[in-house]
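*Asks:* Quick note, the sequences are listed as chains A and B, same order. Numbering that gives the first Met the number 0 numbers the first residue of the first sequence as 0 and each following residue consecutively. Numbering that gives the first Met the number 0 numbers the first residue of the second sequence as 0 and each following residue consecutively. We treat Cβ as the ideally placed atom computed from N, Cα and C, and that holds for glycine.
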Amino acid sequence: MITAGIDVGSLTSKAVIMKDGKFLSSAILKSKPRPWESADLALNSVLEKTGLSMTDINCSVGTGYGRDKIPFIKQALSEIACHAKGARWLMPSARTVIDIGGQDCKVMRLDEKGEMVKFITNDKCASGTGRFLEVMAKVMGVELSELGELSACSKSPITLASACTVWAQADIIQHLNEMIPIEDIAAGINNAMASRVSTLVSSIGIEREVCMTGGVAKNSGVVSSLEKTLGIHIKKIRRDDPQLAGAIGAAIYAETVSNGGKI
Amino acid sequence: MITAGCDIGSLTAKAVILKDSEIMAKEIIRATARPEESALAVMKLICAAAGINMENIDRLVGTGYGRKHIPFVNSVESEIACHARGAFHQAPGTRTVIDIGGQDAKAIRIDDRGEVIRYAYNDKCASGTGRFLEIIADSLDLSLEELGALSQKSTVILTISNQCVVFAETEIISLVNEGREIPDIISALHRAVANRVASLARGIGVEEEVLMTGGVAKNPGMFSALAGALGLDLKAVSDPQMNGALGAALIAEDDLTGKSKR
Numbered sequence: 000m001i002t003a004g005i006d007v008g009s010l011t012s013k014a015v016i017m018k019d020g021k022f023l024s025s026a027i028l029k030s031k032p033r034p035w036e037s038a039d040l041a042l043n044s045v046l047e048k049t050g051l052s053m054t055d056i057n058c059s060v061g062t063g064y065g066r067d068k069i070p071f072i073k074q075a076l077s078e079i080a081c082h083a084k085g086a087r088w089l090m091p092s093a094r095t096v097i098d099i100g101g102q103d104c105k106v107m108r109l110d111e112k113g114e115m116v117k118f119i120t121n122d123k124c125a126s127g128t129g130r131f132l133e134v135m136a137k138v139m140g141v142e143l144s145e146l147g148e149l150s151a152c153s154k155s156p157i158t159l160a161s162a163c164t165v166w167a168q169a170d171i172i173q174h175l176n177e178m179i180p181i182e183d184i185a186a187g188i189n190n191a192m193a194s195r196v197s198t199l200v201s202s203i204g205i206e207r208e209v210c211m212t213g214g215v216a217k218n219s220g221v222v223s224s225l226e227k228t229l230g231i232h233i234k235k236i237r238r239d240d241p242q243l244a245g246a247i248g249a250a251i252y253a254e255t256v257s258n259g260g261k262i
Numbered sequence: 000m001i002t003a004g005c006d007i008g009s010l011t012a013k014a015v016i017l018k019d020s021e022i023m024a025k026e027i028i029r030a031t032a033r034p035e036e037s038a039l040a041v042m043k044l045i046c047a048a049a050g051i052n053m054e055n056i057d058r059l060v061g062t063g064y065g066r067k068h069i070p071f072v073n074s075v076e077s078e079i080a081c082h083a084r085g086a087f088h089q090a091p092g093t094r095t096v097i098d099i100g101g102q103d104a105k106a107i108r109i110d111d112r113g114e115v116i117r118y119a120y121n122d123k124c125a126s127g128t129g130r131f132l133e134i135i136a137d138s139l140d141l142s143l144e145e146l147g148a149l150s151q152k153s154t155v156i157l158t159i160s161n162q163c164v165v166f167a168e169t170e171i172i173s174l175v176n177e178g179r180e181i182p183d184i185i186s187a188l189h190r191a192v193a194n195r196v197a198s199l200a201r202g203i204g205v206e207e208e209v210l211m212t213g214g215v216a217k218n219p220g221m222f223s224a225l226a227g228a229l230g231l232d233l234k235a236v237s238d239p240q241m242n243g244a245l246g247a248a249l250i251a252e253d254d255l256t257g258k259s260k261r
């Protein structure tokens, strides 16, 4: 059976194709203003890679911010469900999953069977989400993907006066005007991000192994700062791209949906 | 007796000169990044307006965000104390002062002698401060001064569901793209800011009469939105942005006349 999972996020859209529970291919694209366009583009891109066509897909499931606006899916499922499922597939030993997306942050606790025990989300405040990093990178004139590497070179990270994205932005501009090395600013930004996320993580409790998913998992600066702040080791996902967790989870669920199972 | 109050805020610097409790002059300028510079500039301007020299001022009290950096003051006072003093002087019936500035919002409860009972303060989150209005005005290519009049042309009630300024900005851009009318959007923005400030004020218990001060009080749309959010009438003063500086000048006078409680 061939299934597809589509995760339409605020910044990026992801599509994954699986065959009998095995990973076939994936695509990550920048989201368009209209969720259905993003979903179409992501799916077409992954179909192209595999040489499959739409009719070869037995069932597809959508998730993410724009999930209710994807026309071709059989069912839309919550981000929490799909991310937990995908994270578990990426790392079967995971008990705590920290997912930082473009405009939210989720922390999920799983039991040994991979069932969700509890979760907590922040989607109210941009601080502690990918958006915070995006705004800061823009102010600094660097790519979002550069923040991790930059912060690794820092000798004395700055301390941001405020967690609020708006105030922090003004703070960064001032630091830039004062000719503070860009590495130290990047490190300060990653630390602020980690400190905000760690508050959320602490409130739900940590159980090993801890893994990180979502786009921000690729920022080594945030990961190491989180490890330091929380005093834990975050096990690196190697099986595939951690940003695909939601789409992978959706593709796995698509098999259950196709078999008539309830989720 | 001549006293002065100098209020160095994050966006503007204000000064008031009093002669025996009567206002001789008041000035407001845009603040620079250096508080000492802003303080000097506004004092120079106001002395010229009052036709006096700095030496003629018997006592000068500084307040505001940049108060610790004003070089020539006799003493500094908290913003809470100055705003309470200014409000009580201008409208003695005031029991709650709600002040929305460029980077913060305060709610202050005072008793029938003008003493501060309790207060709440937000400078942690840009939502519920003047900065929210400024950012949205910017992204809609409007001036801050236009917002009030525009919002009064609103005919359709919209809601901005995001509280965070960053997320709300995106939400507002999609409202514009959906073809929503700018006055309706601005009116929704005012209600969003007002709701945030109202919940801050409710935390300390709102007692009438309620006086709204700060630069944001000059925006009639915000004034009525806050009244609506609190479900009661608000009192206004003629120059709400000068309230802190006026309070500082009054405290300077209290210090000299021995009325001061310290």
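Chain A beta carbons: is any one of them nearer than 8 angstroms to that of Val164 (chain B)?
*Replies:* Position 165 of the second sequence holds residue 164 (chain B). Taking Cβ atoms only, chain A reaches closer than 8 angstroms to Val164 (chain B), which makes this a yes.
*Asks:* Considering only their Cβ atoms, is the gap separating Ala38 (chain A) from Ala1 (chain A) smaller than 8 angstroms?
*Replies:* To locate residue 1 (chain A), count along the first sequence from 1; it is residue 2. To locate residue 38 (chain A), count along the first sequence from 1; it is residue 39. The sequence given here has Ile at residue 1 (chain A), not Ala. Going by C-beta atoms, Ile1 (chain A) is not nearer than 8 angstroms to Ala38 (chain A).
*Asks:* Go through its chain and collect everything with a Cβ distance to Ala247 (chain B)'s Cβ below 7 angstroms, but skip five positions before and after it.
*Replies:* For the purposes of this step, residue 247 (chain B) is taken as residue 248 along the second sequence, with counting starting at 1. So the qualifying residues of the chain are Gly4, Cys5, Asp6, Val60, Gly61, Thr62, Glu76, Cys81.
*Asks:* Just mark Ala200 (chain B) as buried or exposed, buried being the case when its beta carbon has 16 or more other beta carbons within 10 Å.
*Replies:* Reading the second sequence from its first residue, position 201 is the one you call residue 200 (chain B). Buried, because 16 or more other Cβ atoms sit within 10 Å of the Cβ of Ala200 (chain B).
*Asks:* Using the beta-carbon of each residue, which ones in chain A are nearer than 9 angstroms to Ile270 (chain B)?
*Replies:* Outside the displayed span of chain B (0 to 261) sits residue 270 (chain B), for which this structure offers no information.
*Asks:* Figure out for me which residue from B:Gly113, B:Val96, B:Met53 has the closest Cα to the Cα of Leu249 (chain B).
*Replies:* Against the second sequence, residue 249 (chain B) aligns to sequence position 250. If we check each option's Cα against that of Leu249 (chain B), B:Gly113 comes out closest.
*Asks:* What residues in the stretch 107-133 of chain B have a beta carbon less than 7 angstroms from any beta carbon of chain A?
*Replies:* Here the close residues are Lys123, Cys124, Ala125, Arg130.
*Asks:* Let me know the alpha helix (DSSP H) ranges lying completely inside the stretch 10-75 of chain A, each 4 residues or longer, listed in chain order.
*Replies:* 34-49, all fully within the stretch 10-75 of chain A.
*Asks:* For Lys123 (chain A), which residues in chain B fall below 9 angstroms Cβ to Cβ?
*Replies:* For the purposes of this step, residue 123 (chain A) is identified with residue 124 of the first sequence, where counting begins at 1. In chain order: Asn161, Gln162, Cys163, Phe166.
*Asks:* Can you tell me the Cα-Cα spacing of Asn121 (chain B) and Ile97 (chain B), whole angstroms?
*Replies:* The sequence position of residue 121 (chain B) within the second sequence is 122, counting from 1. The sequence position of residue 97 (chain B) within the second sequence is 98, counting from 1. Rounded to the nearest angstrom, the two C-alpha atoms are 12 angstroms apart.
*Asks:* Strictly under 8 angstroms for the Cβ-Cβ distance: is Gln242 (chain A) near chain B by that measure?
*Replies:* Taking the first residue of the first sequence as position 1, residue 242 (chain A) is located at position 243. Judged by the 8 angstroms Cβ criterion, Gln242 (chain A) is not in contact with chain B.
*Asks:* Apart from the five residues just before and just after Met23 (chain B), which ones in its own chain have a Cβ nearer than 6 angstroms to its Cβ?
*Replies:* By one-based count along the second sequence, residue 23 (chain B) stands at place 24. These residues qualify, in order along the chain: Ile16, Ala49.
*Asks:* For Thr128 (chain B), name the three-state secondary structure that DSSP assigns.
*Replies:* Counting from 1 along the second sequence, the entry for residue 128 (chain B) is found at position 129. Coil.
*Asks:* Rounded to a whole number of angstroms, what is the C-alpha to C-alpha distance between Lys137 (chain A) and Ala185 (chain A)?
*Replies:* Your numbering for residue 137 (chain A) matches position 138 in the first sequence. Your numbering for residue 185 (chain A) matches position 186 in the first sequence. Whole-angstrom Cα-Cα distance: 12 angstroms.
*Asks:* Just list the residues that DSSP pairs Ile7 (chain B) with in beta bridges.
*Replies:* Along the second sequence, one-based indexing puts residue 7 (chain B) at 8. Bridge partners of Ile7 (chain B): B:Ala12.
*Asks:* Have a look at A:Thr198, A:Ser194, A:Asn176 and flag the residue whose alpha-carbon is nearest the alpha-carbon of Val221 (chain A).
*Replies:* Here residue 221 (chain A) is taken as the residue at index 222 of the first sequence, counted from 1. Answer by Cα proximity: A:Ser194.
*Asks:* Any beta carbon of chain B sitting closer than 8 angstroms to that of Val221 (chain A)?
*Replies:* For the purposes of this step, residue 221 (chain A) is taken as residue 222 along the first sequence, with counting starting at 1. Closer than 8 angstroms: no.
*Asks:* How is the alpha helix (DSSP H) around Arg87 (chain A) delimited, first residue to last?
*Replies:* Here residue 87 (chain A) refers to the residue found at position 88 of the first sequence. Unbroken alpha helix (DSSP H) run through Arg87 (chain A): 78-89.
*Asks:* Report yes or no: do the stretch 200-219 of chain B and the stretch 235-245 of chain A share at least 3 C-beta pairs separated by less than 8 angstroms?
*Replies:* No, the stretch 200-219 of chain B does not touch the stretch 235-245 of chain A.
*Asks:* With a cut-off of 8 angstroms, does the C-beta of Arg261 (chain B) fall near any C-beta of chain A?
*Replies:* The residue you call residue 261 (chain B) lines up with position 262 of the second sequence. Any reading at Arg261 (chain B) must be qualified, since the residue scores a pLDDT of 48, below 50, and its modelled position is unreliable; the value itself is stated next. Answer no: the Cβ-Cβ gap between Arg261 (chain B) and chain A never drops below 8 angstroms.
*Asks:* Using the C-alpha atoms, what's the distance from Ala244 (chain B) back to Ala83 (chain B)?
*Replies:* Working through the second sequence from its first residue, we reach residue 83 (chain B) at position 84. Working through the second sequence from its first residue, we reach residue 244 (chain B) at position 245. Taking the straight line from one Cα to the other gives about 11 angstroms.
*Asks:* When the distance is taken between beta carbons, is Lys68 (chain A) closer than 8 angstroms to His82 (chain A)?
*Replies:* As a first step, residue 82 (chain A) must be located in the first sequence, where it is residue number 83. As a first step, residue 68 (chain A) must be located in the first sequence, where it is residue number 69. Contact flag unset, no.
*Asks:* Looking at the secondary structure, which residues open and close the alpha helix (DSSP H) in which Phe131 (chain A) lies?
*Replies:* On the first sequence, position 132 is the one that residue 131 (chain A) refers to. Run containing Phe131 (chain A): 129-139, per the alpha helix (DSSP H) assignment.
*Asks:* Where does Val200 (chain A) fall in DSSP's three states?
*Replies:* In the first sequence, counting from the first residue as 1, residue 200 (chain A) sits at position 201. Looking at Val200 (chain A) - three-state DSSP - the assignment turns out to be helix.
*Asks:* Measure the alpha-carbon distance for Ser155 (chain A) versus Asp183 (chain A) and round it to whole angstroms.
*Replies:* For the purposes of this step, residue 155 (chain A) is taken as the residue at position 156 of the first sequence. For the purposes of this step, residue 183 (chain A) is taken as the residue at position 184 of the first sequence. If you take the alpha carbons of Ser155 (chain A) and Asp183 (chain A), they lie about 6 angstroms apart.
*Asks:* Let me see if you follow: with CB-CB separation under 8 angstroms, is Val7 (chain A) close to chain B or not?
*Replies:* Here residue 7 (chain A) refers to the residue found at position 8 of the first sequence. It does not: the Cβ of Val7 (chain A) has no partner Cβ on chain B nearer than 8 angstroms.
*Asks:* With DSSP as the reference, label Lys105 (chain A) as helix, strand or coil.
*Replies:* As a working note, residue 105 (chain A) is residue 106 in the first sequence. The answer is strand: DSSP assigns Lys105 (chain A) an E or B state.
*Asks:* How far does the alpha helix (DSSP H) with Phe71 (chain B) in it reach, from first residue to last?
*Replies:* Here the question's residue 71 (chain B) lines up with position 72 in the second sequence. Taken as a continuous stretch (DSSP letters only), Phe71 (chain B) belongs to no alpha helix (DSSP H), as it is neither H nor E.
*Asks:* Tell me, please, whether the CB atom of Arg130 (chain A) is closer than 8 angstroms to any CB atom in chain B?
*Replies:* Taking the first sequence and counting its residues from 1, one reaches residue 130 (chain A) at position 131. Judged by the 8 angstroms Cβ criterion, Arg130 (chain A) is in contact with chain B.
*Asks:* If you run the structure through DSSP and keep just helix, strand and coil, what is Leu59 (chain B)?
*Replies:* Taking the first residue of the second sequence as position 1, residue 59 (chain B) is located at position 60. Correct three-state label for Leu59 (chain B): strand.
*Asks:* Anything in chain B within Cβ reach of Trp166 (chain A), meaning under 7 angstroms, just list it in chain order.
*Replies:* As a first step, residue 166 (chain A) is located in the first sequence; it is residue number 167 there, counting from the start. Going along chain B in sequence order, the residues near Trp166 (chain A) (Cβ under 7 angstroms) are Ala125.
*Asks:* Under 7 angstroms Cβ to Cβ from Gly202 (chain B), same chain only, skipping five residues before and after it: list those, please.
*Replies:* What you label residue 202 (chain B) is simply residue 203 of the second sequence in a count that begins at 1. The answer, listed in chain order, is Ala119.
*Asks:* Name the chain B residues whose beta carbon is nearer than 7 angstroms to that of Cys163 (chain A)?
*Replies:* For the purposes of this step, residue 163 (chain A) is identified with residue 164 of the first sequence, where counting begins at 1. Chain B residues near Cys163 (chain A): Lys123, Cys124, Ala125.
*Asks:* Report the rounded CA-to-CA distance for Arg66 (chain A) versus Thr93 (chain B), giving the unit in angstroms.
*Replies:* One-based indexing of the first sequence puts residue 66 (chain A) at position 67. One-based indexing of the second sequence puts residue 93 (chain B) at position 94. Cα-Cα distance, rounded: 51 angstroms.
*Asks:* Pull up the DSSP beta-bridge partners for Phe118 (chain A), would you.
*Replies:* Along the first sequence, read from residue 1 onward, the residue named residue 118 (chain A) stands at position 119. A:Met107.
*Asks:* Give a yes or no on whether the minimum CB-CB distance between Val196 (chain A) and chain B is below 8 angstroms.
*Replies:* Indexing the first sequence from 1 puts residue 196 (chain A) at position 197. Answer no: the Cβ-Cβ gap between Val196 (chain A) and chain B never drops below 8 angstroms.
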